[in-house]
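Undergrad: Numbering (the working numbering), first residue to last: 48 to 343. By construction, the Cβ of each residue, glycine as well, lies at the ideal position given by its N, Cα and C atoms. Mind having a look at this structure? Questions to follow.
Here it is, written out as structure tokens:
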């Protein structure tokens with residue numbers, strides 16, 4: 048059957064040589080045509096019989112198969128909730144889209160004085176965008192988020208406007224940001240919107256690499272000061288083969304976690320946990336259940 052389809056397509060292409068060349072993608076372009084894209088068949092996970100869903104107490108939870116975009120678990124996926132430092136994913140998205148990793152940032156007093164989790168930047172310190180992204184995504188630095196926002200847009204307020212504009216462009220219709228770091232609890236999103244944002248980010252190898260690290264060391268542009276960074280994601284290197292993505296925690300948001308797990312067959316699963324009292328335990332429970340309850 049497949050051979051017949053391919054023969055038909057080939058015959059059709061030979062009969063349309065009168066089409067203008069401009070209608071065909073040029074080699075090496077972003078639209079480069081490959082036959083495997085035409086016939087690619089993606090395996091879809093199927094739930095085994097008599098598998099009972101786990102009891103998740105988080106305010107909202109969501110899981111999907113990254114390759115096929117198949118929803119594997121969902122609960123309150125449209126509830127608008129505070130998301131704490133998961134906010135930093137949008138900050139990283141904009142910075143990677145608009146800035147160069149080697150650009151040099153001078154840290155303001157405002158940025159260095161941010162409370163909560165931080166990478167301990169000094170006022171007046173010069174440091175690269177790349178190093179700040181490490182501090183943002185590994186140690187969840189609020190100071191790094193503010194420094195990046197000010198560098199990109201002149202002020203955090205201006206940057207937040209860009210965050211909300213980008214949210215609309217990406218179809219995050221149930222999301223609103225108020226800071227670059229998520230340090231307050233006025234911003235909100237939903238499990239489904241955050242899954243969508245994460246899927247965009249996971250196309251970027253730089254994001255994948257950073258968020259899979261348990262630790263890293265970066266320095267200012269003069270070789271000092273040294274910033275020793277430790278990941279806030281306790282599931283990295285666990286038996287569940289978790290490789291990312293971002294943690295968040297405030298009094299109002301509770302414990303939040305977006306994780307990327309990989310099962311024994313190397314299928315990647317994205318999970319979102321919001322408003323949990325045990326984000327790591329509940330994510331473990333959910334991933335374990337998915338690994339044992341679905342077949343691909």
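Take residue 329 and list the residues in its own chain whose beta-carbon comes closer than 8 Å to its own, dropping the five residues that flank it on each side.
TA: 103, 104, 105, 108, 320 and 323
Undergrad: Does residue 129 come out as helix, strand or coil in the three-state DSSP assignment?
TA: coil
Undergrad: So, for residue 74: in the same chain, excluding its five sequence neighbours on each side, which residues have a beta-carbon less than 8 Å away from its beta-carbon?
TA: Confidence in residue 74 is poor, its pLDDT being 30 and thus under 50, which makes the residue's placement unreliable; the coordinate value appears in the next sentence. Same-chain partners within the cutoff: there are none.
Undergrad: Between the Cα of residue 240 and those of 258, 129 and 92, spot the shortest distance and give me the residue it belongs to.
TA: Per the Cα distances, 129.
Undergrad: Roughly how many angstroms separate the alpha carbons of residue 68 and residue 187, rounded to a whole number?
TA: Low local confidence applies: a pLDDT of 33 at residue 68 is under 50, so the model's placement there is unreliable, with the coordinate-based value given in what follows. Cα to Cα, the separation comes out at about 50 Å.
Undergrad: Is the beta carbon of residue 291 closer than 8 Å to that of residue 258?
TA: yes
Undergrad: What would DSSP say about residue 154, mapped onto helix, strand or coil?
TA: coil
Undergrad: Am I right that residue 92 and residue 119 are in contact with their C-beta atoms under 8 Å? What's the rounded C-beta distance?
TA: 6 Å
Undergrad: Based on the DSSP output, what are the partners of residue 295 in its beta bridges?
TA: Answer by DSSP bridge pairing, in chain order: 303.
Undergrad: Tell me the residue span of the alpha helix (DSSP H) that contains residue 322.
TA: Per DSSP, residue 322 belongs to no alpha helix (DSSP H); it is in the beta strand (DSSP E), 315 to 323.
Undergrad: Just to confirm, is the Cβ distance from residue 224 to residue 137 under 8 Å?
TA: yes
Undergrad: Count the C-beta pairs between the region 169 to 176 and the region 146 to 160 that are closer than 8 Å, then say yes if the count reaches three, no if not.
TA: yes
Undergrad: Let me know if residue 95 comes out buried or exposed under the rule of 16 or more other beta-carbons within 10 Å of its beta-carbon.
TA: Residue 95 sits exposed, since fewer than 16 C-beta atoms from the chains shown fall within 10 Å of its C-beta.
Undergrad: Would you decide whether residue 64 is buried or exposed? Buried here means 16 or more other CB atoms lie within 10 Å of its CB.
TA: Because the pLDDT of residue 64 is 36, which lies under 50, any placement of that residue in the model is unreliable, and the number read from its coordinates should be weighed accordingly. So residue 64 ends up on the exposed side.
Undergrad: Measure the beta-carbon distance from residue 131 to residue 317 and round it to whole angstroms, keeping in mind my assumption that it falls under 8 Å.
TA: About 18 Å separates the two Cβ atoms, so there is no contact after all.
Undergrad: In the DSSP assignment, find the unbroken alpha helix (DSSP H) run with residue 245 in it and report its ends.
TA: For residue 245, the enclosing alpha helix (DSSP H) has its first and last residue at 238 to 248.
Undergrad: May I ask you to report which of helix, strand or coil DSSP gives residue 258?
TA: helix
Undergrad: Under 8 Å between the Cβ atoms of residue 163 and residue 272?
TA: For residue 163 and residue 272, no; Cβs fall outside 8 Å.
Undergrad: Cα separation between residue 134 and residue 261?
TA: 20 Å
Undergrad: For residue 312, does the count of other Cβ atoms within 10 angstroms reach 16, so buried, or fall short, so exposed?
TA: Exposed, since its Cβ has fewer than 16 Cβ neighbours within 10 Å.
Undergrad: Beta-carbon separation of residue 236 and residue 219 under 8 Å?
TA: yes
Undergrad: Under 8 Å, do residue 114 and residue 314 count as touching if we go by C-beta distance?
TA: yes
Undergrad: CB residue 194 to CB residue 228, shorter than 8 Å?
TA: no
Undergrad: In its own chain, which residues sit with a C-beta less than 7 Å from the C-beta of residue 146, not counting the 5 before and 5 after it?
TA: 176 and 199
Undergrad: Where do the N-terminal and C-terminal ends of the beta strand (DSSP E) with residue 277 fall, by residue?
TA: 273 to 277
Undergrad: How far does the beta strand (DSSP E) with residue 118 in it reach, from first residue to last?
TA: 117 to 122
Undergrad: Of the choices 192, 293 and 232, whose alpha-carbon is the least far from that of residue 280?
TA: Measuring from the Cα of residue 280, the nearest candidate turns out to be 293.
Undergrad: By the three-class DSSP mapping on this structure, what secondary structure does residue 232 have?
TA: coil
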